[in-house]
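Only one structure is covered here, and it is reproduced in the block below.
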Amino acid sequence: MEKIRKKNKLFRRGLYGSLLLAAIIVPTTFASHIVDAVGYVSSPPSRAYYGHTLAPDEGSDIWASVHKIYGNAMGDYHNMSSSKTFDQLPDGNIASADNAHPDNSLGEPVYSLIDKQTSDAWVKQSMKYGMNAITWTNPVEQATKSWQYFITKPDWDPDKPLAKDEFMPLKDENGKTVINGKDQLSGKTVTHNLNIPKEVKPGYNVIVAVWNLSRQQLSYYQVIDIDLPEPLGVPSNLKVTDISETAATLSWDAPKNESASELMYNVYKEGEEKPIAKVKGTSYQLTGLKPDTTTKYNVTALKENGEESEHSEWVSVKTFKHLDAPTNLKVKDISWTTATLTWDAVPSEGNLVYKIYKEGQTTPYRAVTGTSCNLVGLKPDTTTKFSVTAATADGRESEHSKWLTVKTLKDTEPPEVPVLKVDNVGTTTIDISWDKVKDNVGVSYMVIYKDNKAFATLDPETTNYQFKQLYLETNYTIKLIAYDESGNSSTSEEINVKTLPDTEPPSPVTNFKAEKIGSRSVQLKWDEAKDNVKVASYTLYRDGKKIAENIKETEWVDNDLMPYTIYKYEIEAVDTSGNVSRKKRLIVRTNQVSVKAQIQLKFSAPNNFFRFRPKDTNLVLLTAPPAGNHTPLAIFFAVPKGYYWGEDTYINNVKGGIVPELVNEILDNHQQLFIQGGIINVYPSGSVGILESGIHPLATVQGVENGVATIKATGTFSNDYGSVTFDITISIDVY
50 MEKIRKKNKL
60 FRRGLYGSLL
70 LAAIIVPTTF
80 ASHIVDAVGY
90 VSSPPSRAYY
100 GHTLAPDEGS
110 DIWASVHKIY
120 GNAMGDYHNM
130 SSSKTFDQLP
140 DGNIASADNA
150 HPDNSLGEPV
160 YSLIDKQTSD
170 AWVKQSMKYG
180 MNAITWTNPV
190 EQATKSWQYF
200 ITKPDWDPDK
210 PLAKDEFMPL
220 KDENGKTVIN
230 GKDQLSGKTV
240 THNLNIPKEV
250 KPGYNVIVAV
260 WNLSRQQLSY
270 YQVIDIDLPE
280 PLGVPSNLKV
290 TDISETAATL
300 SWDAPKNESA
310 SELMYNVYKE
320 GEEKPIAKVK
330 GTSYQLTGLK
340 PDTTTKYNVT
350 ALKENGEESE
360 HSEWVSVKTF
370 KHLDAPTNLK
380 VKDISWTTAT
390 LTWDAVPSEG
400 NLVYKIYKEG
410 QTTPYRAVTG
420 TSCNLVGLKP
430 DTTTKFSVTA
440 ATADGRESEH
450 SKWLTVKTLK
460 DTEPPEVPVL
470 KVDNVGTTTI
480 DISWDKVKDN
490 VGVSYMVIYK
500 DNKAFATLDP
510 ETTNYQFKQL
520 YLETNYTIKL
530 IAYDESGNSS
540 TSEEINVKTL
550 PDTEPPSPVT
560 NFKAEKIGSR
570 SVQLKWDEAK
580 DNVKVASYTL
590 YRDGKKIAEN
600 IKETEWVDND
610 LMPYTIYKYE
620 IEAVDTSGNV
630 SRKKRLIVRT
640 NQVSVKAQIQ
650 LKFSAPNNFF
660 RFRPKDTNLV
670 LLTAPPAGNH
680 TPLAIFFAVP
690 KGYYWGEDTY
700 INNVKGGIVP
710 ELVNEILDNH
720 QQLFIQGGII
730 NVYPSGSVGI
740 LESGIHPLAT
750 VQGVENGVAT
760 IKATGTFSND
770 YGSVTFDITI
780 SIDVY
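Written out as structure tokens, the structure is:
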């Protein structure tokens, strides 16, 4: 790297020495431009300046490697100048400004690395179609003759040396290809806006920027390598809709292969260079247009970076001719509910429809093709305002005509008198009818009366009515009054009608059954009987005898029955007139008495064994009738001889039967209960009696709860060897 630096320094010393020598023999003007020549394109960076930005310091590590590519131009980027005009520059030496700072050694053919040209040799700067800013930087202000810019033609070859005939001029924002410097001193920066036309092919292109000085024969040359994206597509399918007298809507399709959400659109009017609107979507409403005029419009697409597409095709917008409102609106032939509107025709090139509006309504009352309209369905003695508009087949509508007030005539004529007819008379119903009542305007409603009291309000189309839920054998007076919308009325003649007596019995009950059968009661149920008027009650018989009457419900419980006994039941329905239905029969057998008994024994010495005495292998429950004879009520235990208990509590149900009659006797006579039998405590050395064999009294409590008779008896028997407690429960299902 050090050798390269020394070589370039030596080369430049030799070159500058040659230039100084030449200064002695060339005109003074040429010598002066060597001193003052300073100017380069800084934005976008030119090829030479971009090389400088990569390694601005000769002492940097990458300077030598960058220098191998860009050569001396990277150091002399600000002085790429020549006394030759662009037309005089030799092809192949355009980027170096005719080898302004060559890279050859002494004795070698002259060449500049900056002139190398291939499609991938240089870094490209991004630019766009349309206006682009190019900025010159010149630390020393200089008098300027002009600036020029050239860009490669569409058919240029990027892999061949740059040649002048491959370039075409660029225009600035004012359409000029030569920008006049007016021999004025330039600023330290100069920016021009240049338009890159769509004819330039996308991708790699080269721009040559030329700055021509005026006080010395010198021009600066800067080559800019650029990359152009595919040009922005043109909006298509531009069309116009919703045309009116003063407005219309433009709509179009977004360019293909573009993100529609990122685009804006300029709307242009023929004859105007600047757009009349910039919009986000693909439609625009034109407003404030003049009637019966034609104007052309087109649109362009616009990116955020300012790139604008070519113009779409022009579309012509022709506004409609002004449509006058109807005039001379009048009314004639006024009646109670009708009238006729008339007006003068509106001049038009096509057929018109006239829309009639009522005041307060936004939709038309009617639409007609002529110049008159019959108003119908109005109310008598009312005031209504109307207006008329003219409308075309394409949907245009004029302003409203003046509003006209229409007042209908007052209605004083009543409806015709209704004539009532009796169609059918029943026990609780009366059916009447009449012909439809007519009126000069129309019946509004009718009221039917029963016994001079308003009974029901009827629709004017109704022609019959049925009275229901009337009383048997009762006289009723009936009349009908018809009313029109103006309150005029007419009343029918009264008719007198008497309902019939009820001689029809109810139907027999159905589904007569015993829902629940007990030993001493039966619950009976049935379905409701039917009657032409109404069922009033039910009468119930058992074994031919009446046991209940005036039963309002459909169930009954028969108590105080004998267990396991057959009973024959009959039931009949009675209506409000006393008519009686045929009887329905049911046979029921009551259940046997259900008795449950349980004994619980609790022993006081749980560490010992207990058993019955061998001779008393049964525990028996007894009663004590007044005569003193003890009657066995139940045998609780039948204990095998030698059987022992080791538990402190023993529970068991009865082993023998219980006599139901005796249980009932206990409940009725409140007799006391006794226990008969003996229990001994068994020791290893022998046995000692706790409860001696014999008859022992128990305390007794009894009652009936929830349909169950219950007897509870308890008693505790003890001595020095232990104790035993009896808890006895007997329950009887009384149903």
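Heads up, my numbering is the position in the sequence shown plus 49, with the first residue counted as 1. Even for Gly, the Cβ is constructed at its ideal location relative to N, Cα and C.
- In this structure residue 254 is buried. Its beta-carbon is surrounded by 16 or more other beta-carbon atoms within 10 angstroms.
- Remark: fewer than three beta-carbon pairs, one from each stretch, lie closer than 8 Å, so the stretch 430-442 and the stretch 468-485 are not flagged as touching.
- In the pairwise beta carbon analysis, the stretch 274-281 is classified as touching the stretch 353-362: at least three pairs are separated by under 8 Å.
- Within the same chain, and ignoring the five residues on either side of residue 590 in sequence, the residues whose Cβ sits closer than 6 Å to its Cβ are 619.
- In terms of Cβ geometry, residue 433 and residue 417 do not form a close pair [threshold 8 Å].
- By the criterion of at least three beta-carbon pairs nearer than 8 Å, the stretch 131-139 is in contact with the stretch 259-276.
- Under the rule that a run must span 4 or more residues, no alpha helix (DSSP H) segment is found entirely inside the stretch 409-464.
- Taking C-beta separations shorter than 7 Å and ignoring five residues to either side along the sequence, the partners of residue 201 in its chain run 215, 216, 254 and 255, following chain order.
- DSSP, reduced to helix, strand and coil, places residue 249 outside both helices and strands of the structure shown, so it counts as coil.
- Here residue 234 is exposed, its C-beta having fewer than 16 other C-beta atoms within 10 Å.
- Bridge partners of residue 332 according to DSSP: 300.
- At a Cβ-Cβ threshold of 8 Å, residue 725 and residue 746 do not count as neighbours.
- Under the DSSP assignment, residue 563 falls outside any alpha helix (DSSP H), being part of the beta strand (DSSP E) whose first and last residues are 559-566.
- Straight through space, the alpha carbons of residue 222 and residue 116 are spaced by roughly 37 Å.
- Taking a C-beta distance under 8 Å as the contact criterion, residue 368 and residue 338 qualify as a contact pair.
- In terms of CA proximity to residue 639, 567 leads the group 567, 110, 120 and 146.
- As computed with DSSP, residue 347 is found in a beta bridge with 317.
- Scanning its chain for C-beta atoms nearer than 7 Å, with the 5 sequence neighbours on each side dropped, one finds around residue 195 the residues 227, 228, 229, 230 and 261, in chain order.
- Nearest Cα to residue 489 within the set 529, 444, 453 and 537: 537.
- For residue 591, the uninterrupted beta strand (DSSP E) run begins and ends at 584-591, by DSSP.
- Distance from the Cα of residue 161 is smallest, within the candidate group 124, 306 and 767, for 124.
- Assigned with DSSP and collapsed to three states, residue 112 falls in helix.
- Where residue 264 is concerned, there is no enclosing beta strand (DSSP E), because DSSP gives it neither an H nor an E.
- Taking residue 138 as the centre and dropping the five residues before and after it, the same chain places the C-beta of 131, 146, 147, 213 and 270 closer than 8 Å to its C-beta, in chain order.
- Listed in chain order, the alpha helix (DSSP H) elements of length 4 or more contained wholly in the stretch 606-631 amount to none.
- Following the DSSP letters along the chain, one finds residue 102 inside the alpha helix (DSSP H) bounded by residues 96-103.
- The three-state secondary structure of residue 578, taken from DSSP, is coil.
- As summarised for the stretch 201-252, the continuous beta strand (DSSP E) elements at least 3 residues long and confined to that stretch are 216-218, 227-234 and 238-245, given in chain order.
- Ranking 347, 344, 335 and 329 by CA distance to the CA of residue 353 puts 329 first.
- Here residue 469 is near residue 527, since their CB atoms are less than 8 Å apart.
- Comparing alpha-carbon positions, the option among 622, 502 and 98 lying closest to residue 172 turns out to be 98.
- Counting other Cβ atoms within 10 Å of its Cβ, residue 501 stays below 16 and is therefore classed as exposed.
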